[in-house]
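The opening position of the sequence shown corresponds to residue 49 in this note's numbering, with each subsequent residue numbered one higher. Worksheet: the structure to be examined is printed underneath.
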Amino acid sequence: MEREMPDNSVVVNLNQFERSRRAQVSAETLSILHGCRDLLIEGATRVLTRQTEAMENTLLAMADRSPLLDTRNSYYGAQGILNKRANELLSICKDVYCQTFSDFAHNREKPASTELSELSLVDDQDFEITLAVDKATSRLRYNCAEELVALDARIAHLLGRADLSENDSPLGPRALCEALLDGITRIQPEQDIRIVLLNQFDLVLTTELAQIYQSINRYLIDRGILPDLKVGTKARAQSTAATPNSAAAASAAHAMQGQTGGDMFRLFEQMAGGGTAAGGGGYAGGASAGLGGFSLLDSLSQLQTGSMMLPGGARFELPLLEAATIHNVLRSLQQSPVMQSASPLDAVLVDAVATLFDVVFDEATIPDRLKAQIARLQIPVLKAAMLDRNFFSQSNHPVRRMLDAIATLAIHLPDNEAGNARLESISQIVSRVLDSFEKDIAVFDSAATELEAMGALLEDTLEETVDAGLQEDIAQIKQSERAELAPVIVHDFINRALKEQPVVEAVREFLRRDWAQLLTLDYVNEGEQGAHFNSHVETMRELVWSVQPKADMDARLMLVRILPGLLKRLREGVAEIELPEKLADRFFATLVILHANAVRPNAQPVPLPDITPEEIEELAIAPAAEAAVSPEPAAEAEPVAPELEDEFTLRARALNKGDWVEFHYDDGTFRWARLGWASSIKNTYLFSDQDGMNSFSISLNRLADKLRRGEAVLVERKSITESAFGKLMNLFRQKLGAA
Numbered sequence: 049m050e051r052e053m054p055d056n057s058v059v060v061n062l063n064q065f066e067r068s069r070r071a072q073v074s075a076e077t078l079s080i081l082h083g084c085r086d087l088l089i090e091g092a093t094r095v096l097t098r099q100t101e102a103m104e105n106t107l108l109a110m111a112d113r114s115p116l117l118d119t120r121n122s123y124y125g126a127q128g129i130l131n132k133r134a135n136e137l138l139s140i141c142k143d144v145y146c147q148t149f150s151d152f153a154h155n156r157e158k159p160a161s162t163e164l165s166e167l168s169l170v171d172d173q174d175f176e177i178t179l180a181v182d183k184a185t186s187r188l189r190y191n192c193a194e195e196l197v198a199l200d201a202r203i204a205h206l207l208g209r210a211d212l213s214e215n216d217s218p219l220g221p222r223a224l225c226e227a228l229l230d231g232i233t234r235i236q237p238e239q240d241i242r243i244v245l246l247n248q249f250d251l252v253l254t255t256e257l258a259q260i261y262q263s264i265n266r267y268l269i270d271r272g273i274l275p276d277l278k279v280g281t282k283a284r285a286q287s288t289a290a291t292p293n294s295a296a297a298a299s300a301a302h303a304m305q306g307q308t309g310g311d312m313f314r315l316f317e318q319m320a321g322g323g324t325a326a327g328g329g330g331y332a333g334g335a336s337a338g339l340g341g342f343s344l345l346d347s348l349s350q351l352q353t354g355s356m357m358l359p360g361g362a363r364f365e366l367p368l369l370e371a372a373t374i375h376n377v378l379r380s381l382q383q384s385p386v387m388q389s390a391s392p393l394d395a396v397l398v399d400a401v402a403t404l405f406d407v408v409f410d411e412a413t414i415p416d417r418l419k420a421q422i423a424r425l426q427i428p429v430l431k432a433a434m435l436d437r438n439f440f441s442q443s444n445h446p447v448r449r450m451l452d453a454i455a456t457l458a459i460h461l462p463d464n465e466a467g468n469a470r471l472e473s474i475s476q477i478v479s480r481v482l483d484s485f486e487k488d489i490a491v492f493d494s495a496a497t498e499l500e501a502m503g504a505l506l507e508d509t510l511e512e513t514v515d516a517g518l519q520e521d522i523a524q525i526k527q528s529e530r531a532e533l534a535p536v537i538v539h540d541f542i543n544r545a546l547k548e549q550p551v552v553e554a555v556r557e558f559l560r561r562d563w564a565q566l567l568t569l570d571y572v573n574e575g576e577q578g579a580h581f582n583s584h585v586e587t588m589r590e591l592v593w594s595v596q597p598k599a600d601m602d603a604r605l606m607l608v609r610i611l612p613g614l615l616k617r618l619r620e621g622v623a624e625i626e627l628p629e630k631l632a633d634r635f636f637a638t639l640v641i642l643h644a645n646a647v648r649p650n651a652q653p654v655p656l657p658d659i660t661p662e663e664i665e666e667l668a669i670a671p672a673a674e675a676a677v678s679p680e681p682a683a684e685a686e687p688v689a690p691e692l693e694d695e696f697t698l699r700a701r702a703l704n705k706g707d708w709v710e711f712h713y714d715d716g717t718f719r720w721a722r723l724g725w726a727s728s729i730k731n732t733y734l735f736s737d738q739d740g741m742n743s744f745s746i747s748l749n750r751l752a753d754k755l756r757r758g759e760a761v762l763v764e765r766k767s768i769t770e771s772a773f774g775k776l777m778n779l780f781r782q783k784l785g786a787a
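Here you go:
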């Protein structure tokens, strides 16, 4: 059952928590995304290939009609590229799109671009290119509007996101247009020709892209991704219309924040005028005459240092606050003779500050030994509030800063020697305020600054300790994640290499059965950006190219140049995966024949040696990669948590590095843990304790289940005084309403 949090709590109510973070992709999700990617880019390039001749004829006709020489040359240049290099161009566009898609799927950031907040000039060429992409995107999106509404919703659901903006979708027209332009740029740097080619591609795709998006939607439906989704038009006008109101609300909220202190003081005056507070007499500016001619402030100054003399020789003192005592002495003050001659407004101020401390003492996230330090400040805080009304109106008032800084340090006070030492430092600062504060608020300012500096230093130190301590755990989790994704990633790279050019079954079998082991090892150890992985992918592509027929002399000479290095890298790779010697010898013997056939002009190719599947099975051994990447069994299996997609799952995903979570246990105890790292694939969270010395991991679903059950709550280090004042105003309004 979800626990109900008090109004004044500094623990965030998760129902109010609005942050979001991009959901991470699992191997299953990645496989589905790859299928969508292939349907889009393969379908688009197939359409463009089929329409290449039609685009050439269109460009020639446009060149004939153009009166300007430069424009004619641009049309002719574009037509020449389509005529001679169309296949190369579309292959590059495909590679660019696949790389961009991979960056999105693995949450890699886009290359840095000019931010709107930076004041800079955009040259005419950049403006024209941007305009061309915008036009192409708008035209495609307009013609595929219905299909894209459904597709965006399904992709957002697949990624676990509440929404997906039209320009963020990796399958959207903008991503496609930008990839086409990037591919064109790698072939043709001249701007005018690039724009002409992009426009031609856009015009051809405009009539065909909707069908491609329909096929992607069907593909997702077949895999259970929102099969019952009803396609409709997004209500953009509604969200747009809400923006001004939201801005106005934010502005009003900001203005209200500045008026809080004034509103509060008006409440105080209304209560004092209505006689709600105890005491009598006229208001004397917060310094009314007290017992024996003393003002209330003078009385408080005496009580701050010990006891005060009452008429008749009696002495009065407040209950002693020791290092472990939590007691609201202001409540005792309200019942004391000191308040008999206080003005109504003074009595209300005392009640207000006493209520503030009630709220602080009720806060469960502040440990008792820290509350005891705050309790020692009650009389000085009351004096400061009477001396300076800004205490109620300024959130950055020195007194409030000091109280907030002490409360914030709660997360850095573990029950050990280090925590005790930090508590002693806090106690010394509090003692200094008690000894030196008379009427100068600057005492609180210096104390607040010192406490804030302590908190910042502890946070920085903890950050360094956690980052260093978690490196080994992070490396293991990342490797485990890559091991899970490796079959999908490696299969995808091999498929793309084999799709580009046909190869004989011997090479195909070698890549799928043997070279895949090497790529898997590389991916698990280094990831997709690793030098070895990329080198072996390039070797695979060179191998596929090397066995293709070489029709011209340039291609044959190129093969002669790269062959020694290619064979050397192949043998090194085969040795690394410990391929059986007989299998390796058969493959390289086959490769000799394939290379001879590739350069043999118009002659009957030499037949390849036969090898039966039974012989291969007899020679093959268990892949070394399988043993190397198998994750070690966990010492203790984590309880299985339900895979629900609700608000608590979204809240768990929204956690960022440095966030604190309070974990509750059956025995009534709790502990705070700081998020040190969140995995990018398996959604595993690594937490550390308050000193960063011990760590533990928990899955997304398990964490969401704890949030759902109230066994974990997110801790937000917001102002304790601001929370207290919010509750204070509500209480005083209720008193006025009941009066």
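Yeah, the Cβ is synthetic: ideal placement off N, Cα and C, and Gly gets one too.
- The C-alpha of Asp707 is placed about 43 Å away from the C-alpha of Glu90.
- Per DSSP, reduced to three states, the secondary structure at Glu557 is helical.
- As a beta-bridge residue in DSSP terms, Val709 pairs with Ala721 and Leu762.
- Rounded to the nearest whole angstrom, the C-alpha separation of Asn742 and Ser736 is 6 Å.
- Under DSSP, Thr732 takes part in a beta bridge, and its partners are Ser747.
- Listed in chain order, the non-local C-beta contacts of Val514 below 7 Å within the same chain comprise Arg722, Gly724, Ser736 and Gly740, local neighbours out to five positions each way being set aside.
- Just measuring C-alpha positions, the residue of Gly621, Leu631 and Leu607 sitting nearest Ala646 is Leu607.
- Beta bridge pairing from DSSP links Ala412 with no other residue.
- The way I'd put it, the region 236 to 256 does touch the region 183 to 190; three or more beta-carbon pairs between them come closer than 8 Å.
- The straight-line gap separating the alpha-carbon atoms of Ala204 and Lys526 is approximately 25 Å.
- Remark: fewer than three beta-carbon pairs, one from each stretch, lie closer than 8 Å, so the region 572 to 579 and the region 595 to 613 are not flagged as touching.
- DSSP, reduced to helix, strand and coil, places Glu365 within a strand of the structure shown.
- If you ignore the 5 residues before and after Leu206, its C-beta comes within less than 8 Å of the C-beta of Thr77, Ile80, Leu81, Leu268 and Ile273, all in its own chain and listed in chain order.
- Its chain contains Asp240, Ile241 and Val244 as the residues whose beta carbon lies nearer than 7 Å to that of Ser122, once the 5 sequence neighbours on both sides are disregarded; these appear in chain order.
- With a cutoff of 8 Å on beta-carbon distance, Arg470 and Leu461 are scored as near each other.
- Beyond the five residues adjoining it in sequence on each side, Arg530 comes within less than 7 Å, by CB distance, of Tyr571, Val572 and Gly575 in the same chain, given in chain order.
- C-alpha of Ala545 to C-alpha of Gln738: approximately 50 Å in a straight line.
- For Ala752, the CB contacts under 8 Å within the same chain, skipping 5 residues up- and downstream, are Ala689, Leu692, Asp694, Phe696, Thr697, Arg699 and Ala700 in chain order.
- The region 757 to 766 makes no contact with the region 381 to 390, as fewer than three CB pairs between them are under 8 Å.
- Positions of the alpha helix (DSSP H) runs, each at least 4 residues long and wholly inside the region 416 to 474, are given as 416 to 423, 426 to 435, 438 to 441 and 446 to 456 in order along the chain.
- In this structure, Ala223 keeps its C-beta atom at 8 Å or more from the C-beta atom of Asn265.
- For Ala579, the secondary structure class from DSSP, reduced to helix, strand or coil, is helix.
- For the region 212 to 284, there is no continuous beta strand (DSSP E) assignment of 3+ residues that stays within its boundaries.
- Ala599 carries a coil assignment under DSSP once its states are collapsed to helix, strand and coil.
- When only Cα atoms are considered, Leu229 and Phe558 end up about 35 Å apart.
- By the C-beta density criterion, Ile459 is buried, having at least 16 other C-beta atoms within 10 angstroms.
- Selection Leu344, Ile374, Gln127 and Glu214 evaluated against Cys192 yields Glu214 as nearest (Cα-Cα).
- The C-beta separation of Ile474 from Asp416 comes to about 14 Å, leaving the pair out of contact by the 8 Å criterion.
- Burial is judged here by how many other beta carbons sit within 10 angstroms of a residue's own beta carbon; Val640 has fewer than 16 and is exposed.
- Taking C-beta separations shorter than 8 Å and ignoring five residues to either side along the sequence, the partners of Gly503 in its chain run Ala453, Thr456, Leu457 and His460, following chain order.
- Cα atoms of Val181 and Ser727: separation of roughly 35 Å, rounded to the nearest angstrom.
- Membership of Asp714 in any alpha helix (DSSP H) is not indicated, and neither H nor E is assigned to it by DSSP.
- The Cβ atoms of Leu533 and Ala75 lie closer than 8 Å to each other.
- Out of Leu219, Ala227, Leu246 and Gly354, the CA that lies nearest to the CA of Gln262 is found in Leu219.
- Annotation for Glu629: the continuous alpha helix (DSSP H) segment containing it runs Glu629 to Val647.
- Beta-bridge partners of Ala726 (DSSP): Tyr733.
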